[in-house]
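Student: First the structure, then my questions, so here it is.
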Amino acid sequence: MTDSQKQAHEQGVTELVGHFKQGSLPLLDYVAAMLEFSRTQEPEVKAFVHHDANIVALQTERLNGLRQVGAPLPPLFGVPIALKDNIDTCDYATEWGYAPASGRTPSVDAFLVHKLRQAGALVWAKSHCTELAYMQPTVTENPRAPGHTPGGSSSGSAAAVAAGLVPAAVGTQTNGSVIRPASFCGVVGFKPSRGLIFNGGILKGAPSLDQVGVFARSVPDAAAVAEVLVGGHQLASGQLVFPMQLASICNEDPPLPPKFMFVKTPMWERVEPAAREAFEALADELKDCMVEVELPQSVANALIWHKTIMDAEMHASLQRLVADNGNHASTSTLDMLARGAKLLAADYLQASERMQVAAAGFDEFFEHFDAILTPATLGAAPAGLESTGDPVMSTLWTFAGLPCLSLPLLQTEAGLPLGVQLVGALHNDARLLRTARWLVKRLD
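Sequential numbering from 603 applies to the sequence shown in the numbering used here.
The structure is reproduced here in structure tokens:
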């Protein structure tokens, strides 16, 4: 089947942009087909908390005007993108998955939403996120594993891509909220290096750890969306963050065959037997280009440090909001806030100091290897919607701020998706994306 013969909901980001630029797919026809698909399929998945055909139509009319006057088409022209419900939008309500915030409609878009609109993307819907982007599950189903959790906290974003409701979506990660849902839902999840995407206009959880990520069906699609989002801002340190060429480098062939490190991490014994077996088989298949390595001692306590920072900063960011609403929150959220209130400043400062050390501890590794290969999750999506699963396989990499990808390369005997996590060198995101694309092609 050629790209042009695919149904609307099967089209990826780069395919769509190509069709629109060539004029082989009318934007109005595509949007109408996608609206109809959403109308029939979204109620089964429950990925969207807000989706309005009239809002989509207004955006489509503006974009179609560019085509009619012969203006150059922007890089994401006509691409529907769902946004996690902790990201401010001026046309859709942004309620943070939090009942007391029902109806909250910001007056301005988040910075990244502004960039998406400038790039020609359609802000298609707001996707469900867990309460205050923490652990309380949502109503979203997993379209690739019915009856199993889609993960969290970016539940709706991952599920929307997996169901074909949108070709790409944006989420956030403070621990494992991009990598885990991507693994459970069988899609690509990309979390760039810390700080590359500005998080202004996004609910603050743990600002030192909060990072924006992208969900898509392929690595090149994720690169295309991420490229639009990266750069154009200044860090708190005063450092300017410039745009990066991610998509073009991703689509290049590596100058040499990539080399991988297989890192089990201290959590390896907790990985489910079926998942361990699948990863060991993958490691054997890649034995000509991969070696097993031990983690540096500098990150031995990374999980403890991460928890300290996360609890302390989420307490600082969210305690007043929850208190002002009569402590209306789930037990998991209230427990987290209580832990944060008890932490000592000395422990928080010590954990914060270790973040830069953690990233630097991998510098020598990436002088000799292109990427770390490790499980994205402890196993396939747990049954039921009472839990979002354990993010522990992402914690170290989030703490270090390294770029990560979850690739849908494995599955259980029952057909449930298992993500393979690739981790790259800090701020060398393009190299990681290129390596990931190479790996997908090799294993295809």
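Virtual Cβ for every residue (Gly too), placed ideally from N, Cα, C. Being a predicted model, the structure only gives us computed values, none of them experimental.
Could you give the distance in angstroms between the alpha-carbon of residue 944 and the alpha-carbon of residue 917?
Tutor: Looking at the two C-alpha atoms, the distance is approximately 10 angstroms.
Student: Mapping DSSP to helix, strand and coil, what is residue 836?
Tutor: strand
Student: On the three-pair Cβ rule with 8 angstroms, is the region 794 to 814 touching the region 642 to 661?
Tutor: no
Student: Taking 8 angstroms as the cut-off, does the region 809 to 823 touch the region 693 to 703 (at least 3 CB pairs, one atom from each stretch)?
Tutor: no
Student: Who are the Cβ neighbours of residue 732 in its own chain at under 7 angstroms, not counting the five residues just before and after it?
Tutor: 699, 738, 739, 740, 754, 755, 757 and 990
Student: Residues bridged to residue 921 by DSSP?
Tutor: Residue 921 pairs with nothing; no bridge assigned.
Student: CA-CA distance, residue 946 and residue 897?
Tutor: 28 angstroms
Student: Alpha carbons only, please: which of 961, 1035, 668 and 635 is nearest the one belonging to residue 855?
Tutor: 1035
Student: Between 1016, 885 and 909, which has its C-alpha nearest residue 993's C-alpha?
Tutor: 909
Student: Going straight from the alpha carbon of residue 780 to that of residue 1009, what length do you get?
Tutor: Approximately 12 angstroms between the Cα atoms of the pair.
Student: Tell me the rounded alpha-carbon separation between residue 926 and residue 759.
Tutor: 29 angstroms
Student: Helix, strand or coil for residue 1006, going by three-state DSSP, please let me know.
Tutor: strand
Student: Please state whether the Cβ-Cβ distance between residue 749 and residue 676 is less than 8 angstroms.
Tutor: For the pair residue 749 and residue 676, the CB atoms are not nearer than the 8 angstroms cut-off.
Student: Taking the beta strand (DSSP E) that residue 643 belongs to, which residues open and close that run?
Tutor: Note, residue 643: premise wrong, no beta strand (DSSP E); alpha helix (DSSP H) at 629 to 647.
Student: Got a sec, what are the start and stop residues for the beta strand (DSSP E) residue 728 sits in?
Tutor: Judged by DSSP secondary structure, residue 728 falls within the beta strand (DSSP E) whose first and last residues are 724 to 729.
Student: Excluding the 5 residues flanking residue 608 on each side, which residues of the same chain have their C-beta closer than 8 angstroms to its C-beta?
Tutor: 617
Student: Tell me the rounded alpha-carbon separation between residue 1028 and residue 979.
Tutor: 21 angstroms
Student: If you draw a straight line from the C-alpha of residue 915 to the C-alpha of residue 938, how long is it?
Tutor: 10 angstroms
Student: Please confirm if the region 864 to 880 is in contact with the region 828 to 838, defined as three or more CB-CB distances below 8 angstroms between the two stretches.
Tutor: no
Student: I need the DSSP call for residue 1034, collapsed to helix, strand or coil.
Tutor: Per DSSP, reduced to three states, the secondary structure at residue 1034 is helical.
Student: Is it buried or exposed for residue 922, if we count other Cβ within 10 angstroms and need 16 for buried?
Tutor: exposed
Student: Mind checking if residue 1015 is an interface residue toward chain E, Cβ cutoff 8 angstroms exclusive?
Tutor: Although the question refers to chain E, the structure presented lacks it and comprises just one protein chain.
Student: Classify residue 875 as helix, strand or coil using the three-state DSSP reduction.
Tutor: helix
Student: At what residues does the alpha helix (DSSP H) containing residue 970 begin and finish?
Tutor: 967 to 970
Student: What is the DSSP secondary structure of residue 988, reduced to helix, strand or coil?
Tutor: coil
Student: Write down every uninterrupted run of the alpha helix (DSSP H) in the region 858 to 917 whose length is 4 residues or greater and which is fully enclosed by it, in chain order.
Tutor: 875 to 887
Student: Hey, which unbroken runs of the beta strand (DSSP E) at 3 residues or more fall wholly within the region 787 to 821?
Tutor: 790 to 793 and 813 to 818
Student: Going by C-alpha to C-alpha distance, which of 810, 801 and 959 sits closest to residue 911?
Tutor: 810
Student: The alpha helix (DSSP H) spanning residue 624 covers which residue range?
Tutor: 615 to 624
Student: Should residue 868 be labelled buried (16 or more other beta-carbon atoms within 10 Å of its own) or exposed?
Tutor: Under the 10 Å beta carbon count, residue 868 is surrounded by fewer than 16 other beta carbons and is classified as exposed.
Student: Can you have a look at residue 996 and say buried or exposed, based on whether 16 or more other CB atoms are within 10 angstroms of its CB?
Tutor: buried
Student: Which residue's Cα is closest to the Cα of residue 840: 846, 797 and 692?
Tutor: 797
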